[in-house]
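Asker: This is the structure, below, for whatever I ask next.
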Amino acid sequence: NFIIFTKINKIMSSENNKFIDANDNETNELEYILELTKQIREKEQRYPINFNDFLFLLSNNPKQILRNIFQLFYDMVHFHVPYGIDEYENDIDNAGFRDYDLSKLFIEGVETPFFGDRLFANRFMQMSEEINMGINVNQIYLFEGPPGSGKSTFLNNLLQKMQEYTLTEQGTLYKIFWKIDPKIINKDVDDGRTIVYSCPHNDNPFLIIPKELRKEFLKTLIKDNNVYNEIIESKRFAWLFKSEPCPLCKSIYNSLIDILDDPLKVYDMLYAKKIDFNRQLGKGISVWNPADNLIEHIYSNNILEKDLNNLFSSEEIELKYSYLALTNNGIYALMDIKDNNITRLLSLHGIISDGVHKVEHIEEKINTLFLGLVNPEDKKSFIDIKSFQDRVRFVSIPYVLDAQTEVKIYENKFGNNIYNLFLPRVLQNFAKIIISTRLNTESDILKTWLKYRAKYEKYIDPDLLLLKMELYHGKIPRWLEDEDIKGFKKNIRLALLNEALDEGFKGISGRQSIAIFNKLLSTHEDKKDEIDMLDIISFFEDQPDNIKKLIPPQFINSLLKIYEINIVQELKDALYTCNDQKIFEDIIHYLYSLSYDIGTEITNPFTGKKYNLTNDFLIAIESHLYPATDDIEMIRHNLLNRFITETLAQEVEIKQKKWQDTKIVKELYELYKENIKKASLDPYLKNKSFRFALKDYFTDKFANYDAKIQEDIIHMIKVMQQKYNYSERGAIKIALYVIDQNLPERYKDFLA
């Protein structure tokens, strides 16, 4: 507006202080600016619309026009949050644990992003559903979390997005606005004035229609019977048929009806105006901090009140209302329940309960969305008041319990280049150590669900915290057996979610976590190598005792074990090379040979190749198929039977399948390939030349090594980069670590 004003002044002034002629081409800029001003005004919809236009909008979009603050809040949330994906949506025991993306609501377009994990996202979205359905509307929603959990950031971002949403067409909420023409009431009054009055309680213009006429009136307006039935039958729209307009608007309406005795003339003076949500001015959104002074201010307009009473020749109009009217059909928020906000909260008890507030002898109906933030230790100031307990709905907002969300917080603070500072998965493991301090080490639910946990030893820690983190992220680990996955039913999932309500209130806070991470980066800022797991372990060993004692005793050791098993498997995969054609030929030669005696010279009809059948020939192939079996004769017998009756007789002869596509060949191919992969690292563990070649990779000496070794290392690095996101230097570092620590031998029982 300042820019527009400045430009207008510049255009309207010339060197000789004369106004530029309207026909002058130089007025183009002024016309542009005036048009721009008009567009801004139209966009902000500051001008009221007459009641007929309001009814037209209502008939076209009744569910939007007839909203209250609770439905508006729900629509605002879903304007920003797409409907979440549910991993169990095809499961009749669906627990409703969805994957909601809250980034547009709390991360994008805000000064300080708030990162909520999946647990919080589900609680928050459930809250919005309750509010929309008219459940718990006579309550205050308190977001409970420890210091450093981001509560203030969450609420500030939520209120910002609410205010921004109300500036959009989708977020428009209308209130009563009067334009009273004195000449219509008293023909002797002809001063050209129009008395205008905006409802201070933000009441919907529809409420001016007498209650007994509203359902029938809507029936004539709404053409879609399904929409009409939904509105008159739904609990969330019940307020439309029960609520009265505010005392001030009702008094004006009654006075006009009494004088004019013609409802149409009254409705000609009724308009609808967009509700202005402005946190800074306390309109539509009012936020109170604990140190803000207590007020019970009563607003009035004596001049307007006198004008109206003189016009109506009565003393019935009293233009008085409280500060609570400014957030009626809006949001009233308490930033922390302490100091003066304790008094405010307790004073809201009757208002929340009955929806009524007294302003002297006038009753205000209050329909406000009450929100607040509270630390667990501050609940003692009101939690023991029995009548108040039913009016408070707590929504947990603890420390983050999901490693991926924790990493996003680091990324936001330190930039997305932090991923390049760590070997793969090490950054996530740092976050898991932080999160382990926030979780309870006892979980009756998980122990009830997984009765035989020993079989998962290579994937879990003793307290099952890593498993819990996976589940809190919404993922069922792939290493669980089918029986246990099927056992993860609705009752287990819901019990686990309820158990999570008590977690995240202790341990390393969000602020501490950022400070600790910053310290880690500072420790390694001059080092060229990426941060590895040993660096992380050493870092935590050097932390003060008050930090170290928060980490569960066996957690880091378990995390390292799982990490080392994974990197061995990655390296095996990277060093694995095979000739698919040779594997297929070995399998068909082997299967075809099972029906012949040792010493026979065979011409295989599938490959056309000749070979002598020896025991060594069979054992060589079986070493890749069944390296640890004692009953090879029984296996040979069963394979031969399947090959003759299923493969040859049915798949090849009848179904005309190619032998490479038959079931038994495909099964044996996968088995052969997997066993080669398992043994792929063995030739290199004690090969000193291979280790030296790794160390010399970045030097000229590397060219002096055997061509096969060079080829294998180059292949290994390529796979590690493309499949596991290692850098070239990181791939070499991890290969040396696996060999030097002899990890395949250490974890041979887990890698078998």
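Using the numbering used here, read the sequence shown as starting at 1 and increasing by one per residue. Just so you know, even glycine gets a beta-carbon here, dropped at the ideal spot from N, CA and C. Model, not experiment: these values are computed from the prediction.
(1) Thinking C-beta only, is E622 closer than 9 angstroms to Q612?
(2) May I ask you to report which of helix, strand or coil DSSP gives N52?
(3) Out of N293, E633, N138, T662, point me to the one whose CA is closest to E645's CA.
(4) Is it the case that the Cβ atoms of Q710 and A731 are separated by a distance below 9 angstroms?
(5) Just confirm the distance between the C-beta atoms of K468 and L439, as a whole number of angstroms; I'd bet it's less than 8 angstroms.
(6) Taking C-alpha atoms, which residue in L571, F54, V110, R118 lies nearest to L501?
(7) Report yes or no: do the segment 508-517 and the segment 145-154 share at least 3 C-beta pairs separated by less than 8 angstroms?
(8) Which word fits H637, buried or exposed, when buried means at least 16 other C-beta atoms lie within 10 angstroms of its C-beta?
(9) For L464, which residues in the same chain have their Cβ closer than 7 angstroms to its Cβ, ignoring the five residues on either side in sequence?
(10) Check this for me: beta carbons of R236 and F70, under 9 angstroms apart or not?
(11) Quick one, which of N742, I331, V719 has its alpha-carbon nearest K161's?
(12) Since I believe I107 is in contact with F97 (beta carbons under 8 angstroms), could you give me their beta-carbon distance rounded to a whole number of angstroms?
(13) Looking only at C-alpha atoms, which of I131, K486, P553, L423 sits nearest to P462?
(14) Count the other CB atoms, across all protein chains shown, that sit within 10 Å of the CB of R391; report buried if there are 16 or more and exposed otherwise.
(15) According to the neighbour-count rule (16 or more other Cβ atoms, all chains shown, within 10 Å of its Cβ), is V356 buried or exposed?
(16) Give the straight-line distance between the Cα atoms of N68 and L58, rounded to the nearest whole angstrom.
(17) When the Cα atoms are used, what is the spatial distance from I536 to I385?
(18) Expressed to the nearest angstrom, what Euclidean distance is found between the alpha-carbon atoms of L585 and A620?
(19) Label A756 either buried or exposed according to how many other C-beta atoms from any shown protein chain fall within 10 Å of its C-beta, with 16 as the threshold for buried.
(20) Provide the residue(s) that pair with V356 in DSSP beta bridges, ordered along the chain.
(21) Would DSSP call F97 helix, strand or coil?
(22) Pull up the distance between the alpha-carbon of E216 and that of V266, whole angstroms please.
(23) What number of angstroms, rounded off, separates the C-alpha of L571 from the C-alpha of D712?
(24) Tell me A333's beta-bridge partners as DSSP assigns them.
(25) What whole-angstrom Cβ distance do V719 and D532 have, given they're in contact under 8 angstroms?
(26) Closest to D682 by CA distance: which of N122, L294, Q569, K489 is it?
(27) Give me, in chain order, the residues of the same chain whose beta-carbon lies closer than 6 angstroms to that of M127; leave out the 5 immediate sequence neighbours on both sides.
(28) What three-state label does DSSP hand T327 in the structure shown?
(29) Should the segment 399-414 be called in touch with the segment 363-375, which here means at least 3 C-beta pairs below 8 angstroms?
(30) Taking the alpha-carbon positions, what's the L648 to Y410 distance?
(31) Where does I298 fall in DSSP's three states?
(32) In the DSSP assignment, the alpha helix (DSSP H) including A272 goes from what residue to what residue?
(33) Using a 10 Å radius around the Cβ and a threshold of 16 neighbouring Cβ atoms, would you call W239 buried or exposed?
(34) Could you spell out the range, first to last residue, of the beta strand (DSSP E) harbouring N612?
(35) Taking the alpha carbon of L594 as the point to measure from, which residue in K733, N60, F617, K582 has its own alpha carbon closest?
(36) Taking 8 angstroms as the cut-off, is the CB of E601 close to at least one heavy atom of the ligand ADP?
Answerer: Result, derived from the coordinates:
(1) It is worth fixing the name first, because residue 612 is Asn in this sequence and not Gln. Cβ atoms of N612 and E622: not closer than 9 angstroms.
(2) Collapsing the DSSP output to three states places N52 in a helix.
(3) One point to set straight first is that residue 645 is Thr, not Glu, in the sequence displayed. Measuring from the Cα of T645, the nearest candidate turns out to be T662.
(4) No; because the gap between Cβ atoms is not below 9 angstroms, this pair is not in contact.
(5) 6 angstroms
(6) Per the Cα distances, R118.
(7) yes
(8) exposed
(9) S443, L446
(10) Result yes, Cβ atoms of R236 and F70 sit closer than 9 angstroms.
(11) I331
(12) Contact between F97 and I107 is ruled out by a C-beta separation of about 21 angstroms, above the 8 angstroms threshold.
(13) P553
(14) buried
(15) Here V356 is exposed: its Cβ has fewer than 16 other Cβ atoms, across all protein chains shown, within 10 Å.
(16) Roughly 14 angstroms separates the two Cα atoms.
(17) 48 angstroms
(18) The identity of residue 585 in the sequence shown is Glu, whereas the question assumes Leu. Each residue's Cα considered, the two are about 13 angstroms apart.
(19) The chain is shown only over 1 to 752; residue 756 falls outside these bounds and no answer can be derived.
(20) K365
(21) Reduced to three states, the DSSP call for F97 is coil.
(22) 20 angstroms
(23) 12 angstroms
(24) V287, L371
(25) So it is not a contact: roughly 19 angstroms between Cβ atoms.
(26) Q569
(27) V395
(28) helix
(29) no
(30) 60 angstroms
(31) strand
(32) Residue range 270-274 is occupied by the beta strand (DSSP E) that includes A272, with no alpha helix (DSSP H) assigned at that position.
(33) buried
(34) 610-612
(35) F617
(36) Of ligands this structure carries none, so the ligand ADP is not represented either.
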